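Everything below concerns the one structure shown next.
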Amino acid sequence: MSNVPLTAAERMEKIVSLCKRKGFIFQSSEIYGGFNGFWDYGPLGAELKRNLRERWWLAMTRDREDVVGLDATIVMHPGIWKASGHVDTFADSMRESTLSNKRVRTDHVEPQSGNVLEYSGARTATGWSLGKPIRVLLRKGEHIESLRKRVKTLLASVHSVSGEIELLDEQNVGAVENSVDFHAEDGGALGEARPFNLMMRTWVGPTATDADIAYLRPETAQAIFAQFKNVLDSSRVKVPFGICQIGKAFRNEVTPRNYTFRSREFEQMELEFFIRPDEAIEIIAGKVTPWTEGADLSTPQPDWGWQMWHRYWVAERTRFYQNIGLGDALEYYFQPAEDLAHYARACVDILFQFPFKTDELEGIAARGAFDLTQHQIHSGKPQEVFDDELKAAAAKLSPEQKEALLQKRLTEEKAKGDCGLDEAAVRAWFERLFAGFYVPHVIEPSAGLDRLVLAILCHAYAEESVPDAKGNPEVRNVLRFHPRIAPVKVAVLPLLRNKPELVAKARAVYDELRQDLAATFDDGGAIGRRYRRQDEVGTPFCVTIDFETLGEKGPELQDTVTLRHRDSMQQERIKISELAARLRAAVR
RNA sequence: GCGGGCGUAGCUCAGUGGUAGAGCACUUCCUUGCCAAGGAAGAUGUCGUGGGUUCAAAUCCCAUCGCCCGCUCCA
1221 MSNVPLTAAE
1231 RMEKIVSLCK
1241 RKGFIFQSSE
1251 IYGGFNGFWD
1261 YGPLGAELKR
1271 NLRERWWLAM
1281 TRDREDVVGL
1291 DATIVMHPGI
1301 WKASGHVDTF
1311 ADSMRESTLS
1321 NKRVRTDHVE
1331 PQSGNVLEYS
1341 GARTATGWSL
1351 GKPIRVLLRK
1361 GEHIESLRKR
1371 VKTLLASVHS
1381 VSGEIELLDE
1391 QNVGAVENSV
1401 DFHAEDGGAL
1411 GEARPFNLMM
1421 RTWVGPTATD
1431 ADIAYLRPET
1441 AQAIFAQFKN
1451 VLDSSRVKVP
1461 FGICQIGKAF
1471 RNEVTPRNYT
1481 FRSREFEQME
1491 LEFFIRPDEA
1501 IEIIAGKVTP
1511 WTEGADLSTP
1521 QPDWGWQMWH
1531 RYWVAERTRF
1541 YQNIGLGDAL
1551 EYYFQPAEDL
1561 AHYARACVDI
1571 LFQFPFKTDE
1581 LEGIAARGAF
1591 DLTQHQIHSG
1601 KPQEVFDDEL
1611 KAAAAKLSPE
1621 QKEALLQKRL
1631 TEEKAKGDCG
1641 LDEAAVRAWF
1651 ERLFAGFYVP
1661 HVIEPSAGLD
1671 RLVLAILCHA
1681 YAEESVPDAK
1691 GNPEVRNVLR
1701 FHPRIAPVKV
1711 AVLPLLRNKP
1721 ELVAKARAVY
1731 DELRQDLAAT
1741 FDDGGAIGRR
1751 YRRQDEVGTP
1761 FCVTIDFETL
1771 GEKGPELQDT
1781 VTLRHRDSMQ
1791 QERIKISELA
1801 ARLRAAVR
């Protein structure tokens, strides 16, 4: 058996088609023409997604002692999004170059100086023409021929025209100094500023005035920060510990693309794992273990600072993906320091090679104390924890040791330039720290559930070339889901439909198995066809009831069935009494 | 938002102004038999949506929605 070669585009098309045909994923609101950026899960997709969600939740909560769950609302106090920075960063005003249609943020336009040229239009000898006038900036020192060539090249690529482009009625309309009306790269005049609001708005309360505006959350994480104190005070947890949440989030993506990959409504699985600041670790443990290549990340240690915790969570999350059969398909991207957002200290992306491109499944960020500090400032409610171990350890430090810690931090803050804390702020922070108080730092593994479903489908999809009954090669479609996450675990099949005693026996086996396994019953068509039907939706096991099951070939085969394996297509004979335990073990 | 391509049965697609099609899938029945191909019968469409041109539109024109590709955006 070998895999049929497919191009990336063919592969993706087949996956999309299979998902619709078999009830994994449907377009939202399809009977009304669809709705861009929204997708529904059909019967099998809902099961698959539920299995993945359940695995993540159990890996976080049941399998660990140091993480608890939360289930918060989608609509929250608008102040949360002010504090988190989303109201500002998600509502950019954008302008477009009229020449290239390239967008630029209004507040990022670089002032330009030079002469403004205007053309009434452009055309080619082959019949293409541009009706609208073109304004473009001839920068100081730029040769006019170089500008003409650049404009022609841009027009050719933007409008997909070939052949020589002729620019019409060139006019010099005057000089400008430090103008913010031209695109920095292509020199094209910028159009009107338009707001790009990436947060979805709604109104809470029946009056729907501006004062009632609220937002559908653009991420689930902020609810965790907003409820941090309540969880801390009610759950007998102490730092280091985590709070996890699974739920819907909403963004007005500029371009929803690539099937379900970038949707406007999507589901996130997020953990905020709260840790002590490195200074607290140093006081308590005497040192902070730096991360080194090959470090032992299996068991958290008291002297771990944020770096080790960050790497630990990368390893933990990798283990999760291995357990659902994606381990061999991941790539990692360590964001270079200069690309990090101002509040992040490190970020690792876990990527999957989708047929359309390799892109992010999960981001694991070390975010320092940024979020809780923001909420402390905006809400006016302290978000500090009290750490008695820290207080006791700090009490044993000499004034010189304390000053040394402080000076070290001061040097770090100075290195940050304008965004660093001043000396008074650092002294105040250490005073609280020595008394046992601090705002915890956080490691944030944030995964997209819909992206995971898509990755699982893409990874599982295979077309094999297998010989048919006559030995001719034939294509077999199969979804090679790990049995743990397969939407249906076992199909029960009577060999023939028109023999009531076979059907009755098969029904009895089905009724027993479905008590604790996702099972299905199929008596339609030839047996081989039914096997292939189950392969196509990724059912790992088929159980076939035949006349031997009924005892026709003697008592030793009575109450045995054929157990057929999806990937190898091998069959074995097994007693009905052993079936449930055997299958349960395989899907655990 | 810009440019290009596309939208016909559940799926894949043919159909360039004159009666809406094929293959697969599906439904029912027959078959003592294990890897999609046996036999018989059957159901399936506002040709994405709205408007226009025409005696006549799946076909031509306009608008709109959706999908794909590129640009753009992406805490």
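Residue numbers (the working numbering): 1221 to 1808.
We put the beta carbon where it would ideally sit given N, CA and C, even for glycine.
Computed from a prediction, not measured in an experiment: that's the story for all the values here.
CB of residue i within 8 Å of CB of residue j, strictly
i: residue 1563; j: residue 1235; result: no
i: residue 1757; j: residue 1226; result: no
i: residue 1463; j: residue 1474; result: no
i: residue 1765; j: residue 1720; result: no
i: residue 1546; j: residue 1675; result: yes
i: residue 1803; j: residue 1741; result: no
i: residue 1807; j: residue 1704; result: yes
i: residue 1427; j: residue 1469; result: no
i: residue 1396; j: residue 1317; result: no
i: residue 1471; j: residue 1418; result: yes
i: residue 1582; j: residue 1665; result: yes
i: residue 1744; j: residue 1752; result: no
i: residue 1655; j: residue 1611; result: yes
i: residue 1259; j: residue 1518; result: no
i: residue 1304; j: residue 1591; result: yes
Anticipated Cβ contact below 8 Å, residue i with residue j, distance rounded
i: residue 1496; j: residue 1607; result: 7 Å
i: residue 1684; j: residue 1698; result: 6 Å
i: residue 1329; j: residue 1278; result: Wrong, their Cβ atoms sit about 50 Å apart, outside the cutoff.
i: residue 1533; j: residue 1663; result: 5 Å
i: residue 1536; j: residue 1669; result: In fact, because the Cβ distance is near 17 Å, the residues do not count as touching under 8 Å.
i: residue 1653; j: residue 1500; result: 6 Å
i: residue 1710; j: residue 1717; result: 19 Å between Cβ atoms; not a contact.
i: residue 1319; j: residue 1391; result: That belief does not hold up - the Cβ atoms of residue 1319 and residue 1391 are roughly 16 Å apart, past 8 Å.
Whole-angstrom distance between residue j and residue i, CA atom to CA atom
i: residue 1524; j: residue 1509; result: 6 Å
i: residue 1492; j: residue 1315; result: 36 Å
i: residue 1651; j: residue 1431; result: 40 Å
i: residue 1759; j: residue 1786; result: 7 Å
i: residue 1237; j: residue 1731; result: 32 Å
i: residue 1597; j: residue 1511; result: 32 Å
i: residue 1287; j: residue 1621; result: 34 Å
i: residue 1784; j: residue 1677; result: 22 Å
i: residue 1520; j: residue 1239; result: 41 Å
i: residue 1340; j: residue 1353; result: 4 Å
i: residue 1387; j: residue 1331; result: 26 Å
i: residue 1282; j: residue 1671; result: 24 Å
i: residue 1269; j: residue 1298; result: 30 Å
i: residue 1586; j: residue 1604; result: 18 Å
i: residue 1514; j: residue 1257; result: 41 Å
i: residue 1565; j: residue 1481; result: 27 Å
i: residue 1755; j: residue 1736; result: 21 Å
i: residue 1384; j: residue 1400; result: 31 Å
i: residue 1485; j: residue 1748; result: 40 Å
i: residue 1648; j: residue 1624; result: 15 Å
Residue closest to residue i, alpha-carbon to alpha-carbon, out of the options
i: residue 1290; options: 1342, 1465, 1645, 1733; result: 1465
i: residue 1449; options: 1748, 1778, 1602; result: 1602
i: residue 1443; options: 1334, 1789, 1504, 1300; result: 1300
i: residue 1230; options: 1400, 1426, 1355, 1575; result: 1575
i: residue 1589; options: 1629, 1646, 1494, 1632; result: 1494
i: residue 1223; options: 1696, 1754, 1777; result: 1696
i: residue 1636; options: 1583, 1571, 1577, 1557; result: 1557
i: residue 1516; options: 1505, 1529, 1507, 1266; result: 1529
i: residue 1460; options: 1276, 1770, 1658; result: 1658
i: residue 1295; options: 1356, 1400, 1437, 1548; result: 1437
i: residue 1242; options: 1267, 1405, 1249, 1513; result: 1267
i: residue 1467; options: 1600, 1399, 1276, 1360; result: 1276
i: residue 1272; options: 1656, 1701, 1485; result: 1701
i: residue 1407; options: 1356, 1384, 1375, 1400; result: 1356
i: residue 1782; options: 1805, 1755, 1361, 1726; result: 1726
i: residue 1402; options: 1362, 1358, 1369, 1420; result: 1358
i: residue 1667; options: 1646, 1250, 1570, 1623; result: 1570
i: residue 1614; options: 1246, 1502, 1362; result: 1502
i: residue 1609; options: 1504, 1548, 1335; result: 1504
i: residue 1435; options: 1769, 1342, 1422, 1544; result: 1422
Any non-hydrogen atom of the ligand ADP closer than 7 Å to residue i Cβ
i: residue 1486; result: For the structure depicted, the ligand ADP is absent and the ligand set is empty, with no information on it obtainable.
### Message
Threshold first: 4 residues or longer. Then list the alpha helix (DSSP H) segments lying entirely within the stretch 1413–1480, N to C.
### Response
Listed in chain order, the complete alpha helix (DSSP H) runs (minimum 4 residues) inside the stretch 1413–1480 are 1441–1446, 1448–1454.
#### Entry: Residue ranges of each beta strand (DSSP E) within the stretch 1570–1605, 3 or longer
1578–1588
### Query
Which runs of the alpha helix (DSSP H) fall wholly inside the stretch 1267–1311 and span at least 4 residues, in chain order?
1299–1304, 1306–1309
### Query
Can you give, in chain order, each stretch of the alpha helix (DSSP H) that sits fully within the stretch 1600–1659 and has at least 4 residues?
1608–1615, 1619–1635, 1643–1654
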